[in-house]
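This report refers to the structure that appears directly beneath it.
Residue numbers (the working numbering): 65 to 246.
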């Protein structure tokens, strides 16, 4: 009987943990989320679909920031194949509106789409990478930072916030990619 109860507790914890993880990822699509872009590239870990091969590659990226109480949860969205850059080497982001079918609502909706850059679906929301003692590690959890720590991070990444229209279009585009391809 004890083994059975222990097994039920472990199963419940697994579901409870996955719900929290889903909520954390979903929080990056809320209207409270601020999206920044860096003119630097950073390392991200990837896997070749259908194989056991993995790789490290430098990508351009968005920094997604959502307030959590008096702290901030941070995720990254790496992207590649940028078509053009401005004078300060920030990627130029252009969107156009198209009708896209949404799996959840089962309706066609106006959705921003772009050919300014490409995103690997695995990377829509990433915890990012950290380098310790010269070695690269993929983070297991999103960073939770104070306002001062967040400001220091944004400064170190030379990140600037997207204007409100581009931020809204970027959030909607990423949301569509994640929810219609998973």
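Built from N, CA and C at the ideal position, the CB exists for glycine as well.
Endpoints, the alpha helix (DSSP H) within which residue i is located
{"i": "residue 214", "result": "211 to 220"}
Delimiting residues of the beta strand (DSSP E) encompassing residue i
{"i": "residue 176", "result": "171 to 177"}
{"i": "residue 149", "result": "Where residue 149 is concerned, there is no enclosing beta strand (DSSP E), given that its DSSP letter is neither H nor E."}
{"i": "residue 109", "result": "106 to 111"}
Outcome for residue i when other beta-carbon atoms lying within 10 angstroms are tallied against a minimum of 16
{"i": "residue 101", "result": "buried"}
{"i": "residue 223", "result": "buried"}
{"i": "residue 69", "result": "With a pLDDT of only 44 at residue 69, under the threshold of 50, the placement of this residue in the model should not be trusted, and no figure is reported."}
{"i": "residue 84", "result": "With a pLDDT of 34 at residue 84, under the threshold of 50, the modelled position of this residue cannot be trusted; read the value that follows with caution. It counts as exposed."}
{"i": "residue 235", "result": "buried"}
{"i": "residue 192", "result": "buried"}
{"i": "residue 115", "result": "exposed"}
{"i": "residue 145", "result": "exposed"}
Beta-carbon spacing of residue i, residue j below 9 Å
{"i": "residue 129", "j": "residue 99", "result": "yes"}
{"i": "residue 226", "j": "residue 183", "result": "no"}
{"i": "residue 179", "j": "residue 131", "result": "no"}
Per DSSP, cross-strand counterpart(s) of residue i
{"i": "residue 194", "result": "201"}
{"i": "residue 128", "result": "99, 139"}
{"i": "residue 207", "result": "138"}
{"i": "residue 13", "result": "No answer is possible for residue 13: the residues shown for the chain start at 65 and end at 246."}
{"i": "residue 235", "result": "In DSSP, residue 235 forms no bridge with anything."}
Neighbour flag for residue i against chain D, beta carbons, 9 Å
{"i": "residue 172", "result": "No chain D is present in this structure, which holds just one protein chain."}
Worksheet item: So, do the segment 104 to 124 and the segment 170 to 180 have three or more beta carbon pairs nearer to each other than 8 Å?
Response: Verdict: no, contact absent.
Worksheet item: Three or more C-beta pairs closer than 8 Å, one from the segment 153 to 166 and one from the segment 185 to 205: is that the case here?
Response: By the Cβ criterion, the segment 153 to 166 is not in contact with the segment 185 to 205, since fewer than three pairs of Cβ atoms, one from each stretch, lie closer than 8 Å.
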